[in-house]
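**Q** Quick one: this structure, given as structure tokens, is what I'll be asking you about.
Protein chains: 2
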Amino acid sequence: MAGPLDRIDLKILRLLQNSGRLSNAELAETVGVSPATCHRRTQRLFDEGFIGEVRAMVAPRKVGKGALVMVGVVLDRSTPESFAAFERAIAKLKFVLDCHLVAGDFDYFPKIRVGDMEDFNRIHGDQLIALPGVRQTRTFFVMKEVVDNAPLDF
Amino acid sequence: MAGPLDRIDLKILRLLQNSGRLSNAELAETVGVSPATCHRRTQRLFDEGFIGEVRAMVAPRKVGKGALVMVGVVLDRSTPESFAAFERAIAKLKFVLDCHLVAGDFDYFPKIRVGDMEDFNRIHGDQLIALPGVRQTRTFFVMKEVVDNAPLDF
DNA sequence: GATGAAATCCGAGTCAC
DNA sequence: GTGACTCGGATTTCATC
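See the structure below:
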């Protein structure tokens, strides 16, 4: 069942990545198979986890989340427990869009969306530096969003 | 026409953000209005740009893009022309998921997805340091994706 | 083992109110 | 905003290769 993807599966994946609300009928016609076949293949892409979820991209500025900030975080100690505690805590913060453990001068790199700089400063003082094990943070305010959340190229 | 969003509009937005393929009938029932009303409201959310596009989230590892890298970029000069040239060039690179102009020790912060470290090293040497005006780059390999592309909280 | 044709059922989209 | 109505698509079944 969990076979590799053929050219048609890849076409479906790419189409749904760019237009997640395409109907099965439209998909079927575009990729050149019958609606029944297309339906089965699309189902499989979901069932086997090739597609996680389908998400409407909400315009951040339209819902009062126009400010984007990246933060370099350094922890006190580099122990597994320290990392785990930090990760558990930051995963709960809803304004964190992205946060990865990296190799280099920082430990983590959260990307945060808030209403404005004032919001961020409050959150930084109240919640970020209070996260478990944080020794230091370095804030990078985003002045211009050049490429934001581009679709995956595959 | 471009009025503010009421509680029902927000509900629709949130539902579509988490399940972009919900049918209008399901949406309508969940938010508690008739299908006709729901259809009109949803249409408006698209027409007025509250929702940009709907995207199937493809699992990166399943399509051979398991490696994530963040790169701090410093340009030679801080002139508008220099920034513009860099932005035009990096926006064309398909493996760049994110790239923002920031305030702080770096100028730009591209986030890049590739197959593996070897891929990245090739790309770094061939394409990143060759971008117009790049003086220096600092690479942060992602060792663990803690939060990736979380939905917007609003 | 996968396909497409057909058949059923349900939702999309539009109307009048 | 709702209710009804029509049309077309979603989803299943089944014969076929």
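Protein sequences, first through last, are from chains A and B. Counting in full-length UniProt numbering, the first sequence runs from 1 upward without gaps. Counting in full-length UniProt numbering, the second sequence runs from 1 upward without gaps. C-beta: ideal position from N, C-alpha, C; glycine also.
(1) Helix, strand or coil, according to DSSP, for B/F141 in the structure here?
(2) When the Cα of B/V63 is compared with those of A/F83, A/I51 and A/P60, which residue comes out closest?
(3) Out of curiosity, what's the CA-to-CA distance linking A/R138 and A/A28?
(4) Please classify A/K111 as buried or exposed, where buried requires at least 16 other C-beta atoms within 10 Å of its C-beta.
(5) Give a yes or no on whether the minimum CB-CB distance between A/P60 and chain B is below 8 Å.
(6) Run down chain A in chain order and give the residues with a C-beta less than 7 Å from the C-beta of B/D153.
(7) How many whole angstroms separate the CB atoms of B/V54 and A/R21, which I take to be in contact at a CB cut-off of 8 Å?
(8) Give the secondary structure of A/A85 by DSSP, where H, G and I count as helix, E and B as strand, and everything else as coil.
(9) Mapping DSSP to helix, strand and coil, what is B/A56?
(10) How big is the Cα-Cα spacing for A/D98 and A/H39?
(11) At 4 residues or longer, and completely inside the UniProt domain "HTH asnC-type" (5-66) of chain A: list those alpha helix (DSSP H) runs for me, N to C.
(12) Within 8 Å, do at least three Cβ pairs link the segment 126-136 of chain B to the segment 73-81 of chain B?
(13) Any residues in the segment 32-63 of chain A with a beta carbon nearer than 7 Å to a beta carbon of chain B? Which ones, in chain order?
(14) Check whether the Cβ of B/A150 lies closer than 7 Å to any heavy atom of the ligand GDP, and answer yes or no.
(15) Can you grab the Cα-Cα spacing for the pair B/S23 / A/P35, in whole Å?
(16) Shortest alpha-carbon distance to A/A103 belongs to which of B/L68, B/A85, B/F106 and B/F46?
(17) Once DSSP output is grouped into helix, strand and coil, what is the label at B/R77?
(18) Based on DSSP bridge pairs, tell me the residues matched to A/M70.
(19) Compare the beta carbon distance of B/L101 and A/M143 with 8 Å and say whether it is the shorter of the two.
(20) Would A/K92 be called buried (16 or more neighbouring beta carbons within 10 Å of its own) or exposed?
(21) How should B/K94 be labelled, buried or exposed, when 16 other C-beta atoms within 10 angstroms of its C-beta is the threshold for buried?
(22) Would the segment 122-134 of chain B count as touching the segment 80-90 of chain B if we require 3 or more Cβ pairs under 8 Å?
(23) Using a Cβ-Cβ distance under 8 Å, would B/D119 count as near chain A?
(24) Between which residues of its own chain and A/K65 is the CB-CB distance below 7 Å, once the five residues before and five after are set aside?
(25) Quick check on B/I90 - is its C-beta less than 8 Å from some C-beta in chain A?
(26) Comparing C-alpha positions only, which one of B/V31, B/E26 and B/G49 sits nearest to B/R7?
(27) List the residues of chain B that A/G20 touches, going by C-beta distances under 7 Å, in chain order.
**A** To lay it out plainly:
(1) Here residue 141 of chain B refers to the residue found at position 141 of the second sequence. In the structure shown, B/F141 sits in a strand (DSSP, three-state: E or B).
(2) Here the question's residue 63 of chain B lines up with position 63 in the second sequence. Nearest C-alpha to B/V63 among A/F83, A/I51 and A/P60: A/I51.
(3) For the purposes of this step, residue 138 of chain A is identified with residue 138 of the first sequence, where counting begins at 1. For the purposes of this step, residue 28 of chain A is identified with residue 28 of the first sequence, where counting begins at 1. Answer to the nearest angstrom: the Cα atoms are 49 Å apart.
(4) For the purposes of this step, residue 111 of chain A is taken as residue 111 along the first sequence, with counting starting at 1. Buried.
(5) For the purposes of this step, residue 60 of chain A is taken as the residue at position 60 of the first sequence. Yes, A/P60 counts as interfacial toward chain B.
(6) Here residue 153 of chain B refers to the residue found at position 153 when the second sequence is read from its first residue. K94 and F95, listed in chain order.
(7) One-based indexing of the second sequence puts residue 54 of chain B at position 54. One-based indexing of the first sequence puts residue 21 of chain A at position 21. Confirmed, about 5 Å.
(8) By 1-based counting over the first sequence, the position of residue 85 of chain A is 85. Note: A/A85 maps to helix in three-state DSSP.
(9) Here residue 56 of chain B is taken as the residue at index 56 of the second sequence, counted from 1. Residue state for B/A56 is assigned as strand, using DSSP reduced to three classes.
(10) Within the first sequence, residue 98 of chain A is the residue found at index 98, counting from 1. Within the first sequence, residue 39 of chain A is the residue found at index 39, counting from 1. Rounded to whole angstroms, A/D98 and A/H39 show a C-alpha spacing of 33 Å.
(11) DSSP runs (the alpha helix (DSSP H)) wholly in the UniProt domain "HTH asnC-type" (5-66) of chain A: 7-18, 24-31 and 35-47.
(12) The segment 73-81 of chain B is in contact with the segment 126-136 of chain B.
(13) Going along the segment 32-63 of chain A in chain order, one finds G49, F50, I51, G52, E53, V54, R55, A56, M57, V58, A59, P60, K62 and V63 with a Cβ nearer than 7 Å to chain B.
(14) Annotation note on the ligand GDP: not contained in the displayed structure, which lists no ligands.
(15) Translated into positions along the second sequence, residue 23 of chain B becomes position 23. Translated into positions along the first sequence, residue 35 of chain A becomes position 35. Straight-line Cα distance between these residues: approximately 18 Å.
(16) Translated into positions along the first sequence, residue 103 of chain A becomes position 103. Restricting attention to B/L68, B/A85, B/F106 and B/F46, the CA atom closest to the CA of A/A103 is found in B/L68.
(17) Residue numbering aside, residue 77 of chain B sits at position 77 when the second sequence is read from its first letter. Residue state, collapsed to three classes: coil.
(18) Working through the first sequence from its first residue, we reach residue 70 of chain A at position 70. A/M70 is bridged to A/K111 and A/F140.
(19) Here residue 101 of chain B refers to the residue found at position 101 when the second sequence is read from its first residue. Here residue 143 of chain A refers to the residue found at position 143 when the first sequence is read from its first residue. Going by C-beta atoms, B/L101 is nearer than 8 Å to A/M143.
(20) For the purposes of this step, residue 92 of chain A is taken as the residue at position 92 of the first sequence. With fewer than 16 neighbouring CB atoms inside 10 Å of its own CB, A/K92 falls in the exposed class.
(21) By 1-based counting over the second sequence, the position of residue 94 of chain B is 94. Burial call: exposed.
(22) They touch, by the three-pair rule.
(23) For the purposes of this step, residue 119 of chain B is taken as residue 119 along the second sequence, with counting starting at 1. No, B/D119 does not count as interfacial toward chain A.
(24) Position 65 of the first sequence holds residue 65 of chain A. R113, V114 and G115.
(25) Position 90 of the second sequence, counted from the start, is the residue given in the question as residue 90 of chain B. With 8 Å as the cut-off, B/I90 counts as an interface residue toward chain A.
(26) Indexing the second sequence from 1 puts residue 7 of chain B at position 7. Comparing Cα-Cα distances from B/R7 to each of B/V31, B/E26 and B/G49, the minimum goes to B/V31.
(27) The residue labelled residue 20 of chain A in the question sits at position 20 within the first sequence. Correct list: G20, R21, V54, R55 and A56.
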